[in-house]
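Notes follow the structure.
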């Protein structure tokens with residue numbers, strides 16, 4: 001089958017992805033073999049491309065979010081058969097979805113209604129799980145004492161989904177940060193009650209909307225900059241959810257406020273085989289929210305065709321930090 | 001009044017504390033004036049002595065845990081009168097309890113039964129609040145999905161109280177770490193189900209008691225060393241409570257497991273005037289637990305007399321890391 005692979009980690013300059021003929025995925029007993037139709041492109045993909053070297057002589061296929069059609073179901077899978085329209089997340093420890101086919105554990109997958117197009121379905125699973133597991137952290141809900149939440153760098157995929165999920169599943173006041181007029185407008189559309197500019201002084205903007213501090217901060221993007229001011233705006237015994245950690249963080253100021261930190265990496269369950277049944281449950285609730293018209297797929301950029309050129313442009317958009325909503329690539333139509 | 005003060009921060013070598021005549025504390029409307037009888041000496045005291053410089057020309061009185069007798073009650077206090085036997089915690093932003101008298105907000109104080117001696121009462125408030133707020137973090141309880149907890153460096157004051165509180169208020173399996181035979185024995189006495197040695201390899205010791213990982217770790221003492229192995233033994237989506245943070249911490253391995261971190265500094269409420277009513281409530285429940293015979297005051301070293309020599313010896317014990325239970329100093333008898 002055709003796949004976009006890389007043999008050595010690379011910066012954007014060299015990029016390093018190539019379209020190659022590779023063997024079909026090997027199926028485990030708990031796997032589905034998926035014929036891919038659409039894939040979501042995420043910041044995690046570009047980070048792995050830059051930082052993770054394949055085994056000597058080997059290669060990596062990126063891509064951890066997809067929609068497609070079940071081609072074959074392993075003998076220990078449950079509830080799937082060939083022909084099912086499915087969407088789901090991949091596994092960081094295995095080959096991914098930048099390919100014509102992919103093998104994936106059935107517990108990371110769910111079917112989706114025939115009314116939903118494949119590009120929408122591919123735009124949601126990974127960002128939904130990431131946002132969900134970052135903020136609905138106490139028995140699947142926000143901590144009880146959270147009445148408002150700030151989402152830092154909210155215009156991208158995870159932020160867009162977090163905004164929609166918070167609107168659909170809670171009654172908290174939602175403050176998004178964004179910096180451009182179009183990303184601010186997008187955040188409001190996705191559900192933000194307020195939008196402030198993270199390139200300007202934060203506290204005066206907070207005060208202008210009647211707040212001195214916030215109960216919870218969700219850092220989706222830009223922690224390297226925001227770590228300077230986030231400790232100032234979190235309330236004592238507040239919550240700080242982080243998905244974009246890079247390098248050591250000085251926790252001194254957060255300590256002084258006795259903050260709770262929710263670290264989240266969406267691949268934790270697949271790496272450690274921990275509560276593997278949860279992703280499918282979250283995707284099932286997501287489908288109900290979509291059916292109820294409470295959530296829509298925030299795919300705003302669609303590429304057509306599994307080519308190096310398309311993928312390079314998608315990665316460049318992410319690394320430039322200018323993505324609004326989600327990037328989806330159609331592998332087939 | 002007499003007080004132990006310091007005019008410049010100092011290491012143990014110079015120490016820098018002196019016994020001086022200073023003005024009586026000024027009383028705010030929400031303050032009680034306390035005639036001190038006994039005070040607890042804590043690791044926080046020695047850290048402030050080493051790191052916090054007084055205002056130019058000024059001085060600092062350390063000591064944030066005490067028992068004594070109410071001498072005067074400010075007009076906006078509730079429920080106290082002169083002659084009451086009380087115990088409580090001080091306020092990091094104000095002068096402390098290394099003195100004959102002290103002014104303290106009434107919400108940081110509670111009365112204690114006449115059957116309990118002053119030295120016992122002085123040994124518990126700060127360590128109780130510290131342990132409580134570190135581990136009973138979800139609506140005053142442990143997270144629901146915690147079935148076992150490891151307390152690292154458990155033989156000191158906070159660890160001893162954490163062990164007792166866990167035994168009294170939960171049914172989780174408690175693993176303490178200690179390194180000497182006498183501290184191990186102490187941890188068992190305080191309620192540890194298992195004790196392992198943090199100077200030896202951790203995983204083989206865990207496996208020997210039938211565990212591959214733990215749901216929660218509470219770092220009371222020794223994070224600088226234990227940060228190397230704690231990420232290995234915490235389960236995915238586990239919990240890490242920290243009170244002994246110093247400097248930046250690399251959260252990468254904790255991120256990979258999507259760990260929740262509870263940072264705790266017992267002075268957060270007084271610094272930020274946040275939920276100021278909570279300490280008195282916790283102390284009230286503590287008294288009930290003591291009355292019920294479920295918790296005892298872990299004071300094991302008693303000094304008599306507010307002298308530089310006594311205090312220097314107490315601080316040296318703490319800095320040498322050899323304290324079992326709590327150190328109490330009798331200001332009066």
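Chains as they are written, first to last, in full-length UniProt numbering: chain A, 1 to 333; chain B, 1 to 333.
All C-beta atoms, glycine included, are put in the ideal place defined by N, C-alpha and C.
In this structure, does DSSP put residue 70(B) in helix, strand or coil?
In the second chain, the residue the question calls residue 70(B) occupies position 70. Correct three-state label for residue 70(B): strand.
What is the DSSP secondary structure of residue 6(A), reduced to helix, strand or coil?
For this step, residue 6(A) is matched to residue 6 along the first chain. In this structure, residue 6(A) counts as strand in the three-state DSSP scheme.
Quick one: Cα of residue 231(A) to Cα of residue 253(A), how far?
Here residue 231(A) refers to the residue found at position 231 of the first chain. Here residue 253(A) refers to the residue found at position 253 of the first chain. The alpha-carbon atoms of residue 231(A) and residue 253(A) are separated by roughly 6 Å.
Alpha carbon to alpha carbon, how far is residue 151(B) from residue 123(B)? Give it in angstroms, no decimals.
Here the question's residue 123(B) lines up with position 123 in the second chain. Here the question's residue 151(B) lines up with position 151 in the second chain. For residue 123(B) and residue 151(B), the distance between alpha carbons rounds to 20 Å.
Give me the chain A residues within the contact set of residue 262(B), using Cβ-Cβ distance strictly less than 9 Å, ordered along the chain.
The sequence position of residue 262(B) within the second chain is 262, counting from 1. In chain order: 258, 259, 260 and 261.
Is any beta-carbon of chain B found at less than 7 Å from that of residue 265(A)?
The residue labelled residue 265(A) in the question sits at position 265 within the first chain. It does: the Cβ of residue 265(A) has a partner Cβ on chain B nearer than 7 Å.
By a C-beta neighbour count over all protein chains shown, 10 Å radius and 16 as the cutoff for buried, is residue 225(A) buried or exposed?
As a first step, residue 225(A) must be located in the first chain, where it is residue number 225. By the neighbour-count rule (16 or more Cβ atoms within 10 Å), residue 225(A) is not buried but exposed.
Identify the continuous beta strand (DSSP E) that holds residue 60(A) and give its terminal residues.
Locating residue 60(A) in the first chain gives position 60, where the first residue counts as 1. It is not in any beta strand (DSSP E) - residue 60(A) carries neither H nor E in the DSSP assignment.
Please tell me whether residue 64(A) has its Cβ less than 7 Å away from any Cβ of chain B.
In the first chain, counting from the first residue as 1, residue 64(A) sits at position 64. Output row for residue 64(A): interface = no.
How would you call residue 147(A), buried or exposed, if buried means at least 16 neighbouring beta carbons within 10 angstroms?
Taking the first chain and counting its residues from 1, one reaches residue 147(A) at position 147. Label assigned to residue 147(A): exposed.
What three-state label does DSSP hand residue 326(B) in the structure shown?
In the second chain, the residue the question calls residue 326(B) occupies position 326. Residue state, collapsed to three classes: strand.
Quick one: give me the first and last residue of the beta strand (DSSP E) that residue 236(B) is part of.
As a working note, residue 236(B) is residue 236 in the second chain. 234–242 is the extent of the beta strand (DSSP E) around residue 236(B).
If you draw a straight line from the alpha carbon of residue 195(A) to that of residue 296(A), how long is it in whole angstroms?
Counting from 1 along the first chain, the entry for residue 195(A) is found at position 195. Counting from 1 along the first chain, the entry for residue 296(A) is found at position 296. Going by the C-alpha atoms only, they are around 20 Å apart.
Rounded to the nearest angstrom, how far is the Cβ of residue 102(A) from that of residue 270(A), given a contact under 8 Å?
Position 102 of the first chain, counted from the first residue, corresponds to residue 102(A). Position 270 of the first chain, counted from the first residue, corresponds to residue 270(A). About 14 Å; that fails the 8 Å criterion.
What in chain B is Cβ-close to residue 255(A), meaning under 7 Å?
Along the first chain, read from residue 1 onward, the residue named residue 255(A) stands at position 255. Under the 7 Å cutoff, chain B gives 245, 263 and 265.
Which residues, in order along the segment 40–68 of chain B, keep a beta-carbon less than 8 Å from a beta-carbon of chain A?
none
What residues in its chain sit with their C-beta under 8 Å from that of residue 310(A), if we drop five residues either side in the sequence?
Within the first chain, the letter at position 310 stands for residue 310(A). If we look at residue 310(A) and ignore the five residues flanking it on each side, its Cβ neighbours are 303, 304 and 329.
May I ask which residues mark the beginning and end of the beta strand (DSSP E) holding residue 148(A)?
Here residue 148(A) is taken as the residue at index 148 of the first chain, counted from 1. For residue 148(A), the enclosing beta strand (DSSP E) starts and ends at 148–152.
Could you tell me if residue 180(B) is buried or exposed, where buried requires 16 or more neighbouring beta carbons within 10 angstroms of its beta carbon?
Residue mapping note: residue 180(B) aligns to position 180 of the second chain, counting from 1. Per the 10 Å Cβ criterion, exposed.
From the DSSP secondary-structure annotation, give me the bridge partner or partners of residue 79(A).
Within the first chain, residue 79(A) is the residue found at index 79, counting from 1. Beta-bridge partners of residue 79(A) (DSSP): none assigned.
Please check if any C-beta of chain B sits within less than 7 Å of the C-beta of residue 250(A).
Reading the first chain from its first residue, position 250 is the one you call residue 250(A). For residue 250(A), the answer is yes, since a Cβ of chain B falls inside 7 Å of its Cβ.
Check for me: the beta strand (DSSP E) holding residue 178(B) runs from which residue to which?
Taking the first residue of the second chain as position 1, residue 178(B) is located at position 178. From DSSP, the beta strand (DSSP E) with residue 178(B) extends over 173–178.
What does a CB cutoff of less than 7 Å around residue 125(B) pick up in its chain, not counting 5 residues either side in sequence?
Within the second chain, numbered from 1, the residue matching residue 125(B) stands at position 125. Hits under 7 Å: 65, 87, 88, 89 and 283.
Between which two residues does the alpha helix (DSSP H) holding residue 205(B) run?
Counted from its first residue, the second chain places residue 205(B) at position 205. Where residue 205(B) is concerned, the enclosing alpha helix (DSSP H) stretches over 202–208.
How about residue 190(A) and residue 163(A): do their beta carbons lie closer than 7 Å?
Position 190 of the first chain, counted from the start, is the residue given in the question as residue 190(A). Position 163 of the first chain, counted from the start, is the residue given in the question as residue 163(A). Yes. Within cutoff.
Can you give the Cα-Cα distance for residue 57(A) and residue 207(B), rounded to whole angstroms?
The sequence position of residue 57(A) within the first chain is 57, counting from 1. The sequence position of residue 207(B) within the second chain is 207, counting from 1. Straight across, the Cα-Cα distance linking residue 57(A) with residue 207(B) is about 37 Å.
Using only the alpha-carbon positions, how far apart do residue 326(A) and residue 161(A) sit?
Within the first chain, numbered from 1, the residue matching residue 326(A) stands at position 326. Within the first chain, numbered from 1, the residue matching residue 161(A) stands at position 161. Distance between the alpha carbons of residue 326(A) and residue 161(A): 10 Å.
Under 8 Å, with one C-beta from each stretch per pair, do the segment 128–137 of chain A and the segment 128–141 of chain B reach the 3-pair mark?
Result no; under three Cβ-Cβ pairs closer than 8 Å.
Could you tell me the alpha carbon to alpha carbon distance between residue 220(A) and residue 154(A), rounded to whole angstroms?
Taking the first chain and counting its residues from 1, one reaches residue 220(A) at position 220. Taking the first chain and counting its residues from 1, one reaches residue 154(A) at position 154. Taking the straight line from one Cα to the other gives about 7 Å.
At a Cβ cut of 8 Å, what residues of the segment 133–157 of chain A count as close to chain B, listed as they run along the chain?
133, 137, 138, 139, 143 and 144
Using the three-state DSSP reduction, which class does residue 139(A) fall into: helix, strand or coil?
The count along the first chain starts at 1 and reaches residue 139(A) at position 139. It is coil, neither helix nor strand.
So, does the CB of residue 30(A) fall closer than 7 Å to a CB anywhere in chain B?
As a working note, residue 30(A) is residue 30 in the first chain. False, the Cβ-Cβ gap to chain B never drops below 7 Å.
Kindly list the residues whose CB is nearer than 6 Å to the CB of residue 317(A), restricted to its own chain and excluding five residues on each side of it in sequence; keep chain order.
Taking the first chain and counting its residues from 1, one reaches residue 317(A) at position 317. These residues qualify, in order along the chain: 323.
Once the 5 residues before and after residue 234(A) are set aside, which same chain residues still bring their CB inside 7 Å of it?
What you label residue 234(A) is simply residue 234 of the first chain in a count that begins at 1. Answer for residue 234(A): 213, 214, 217, 240, 257 and 259, listed in chain order.
Do residue 111(B) and residue 84(B) have their C-beta atoms within less than 7 Å of each other?
Here residue 111(B) corresponds to residue number 111 of the second chain, with the count starting at 1. Here residue 84(B) corresponds to residue number 84 of the second chain, with the count starting at 1. Yes, the pair counts as a contact, with Cβ atoms nearer than the cut-off.
Helix, strand or coil for residue 302(B)? Go by DSSP, reduced to three states.
Taking the first residue of the second chain as position 1, residue 302(B) is located at position 302. DSSP places residue 302(B) in strand when its eight states are reduced to three.
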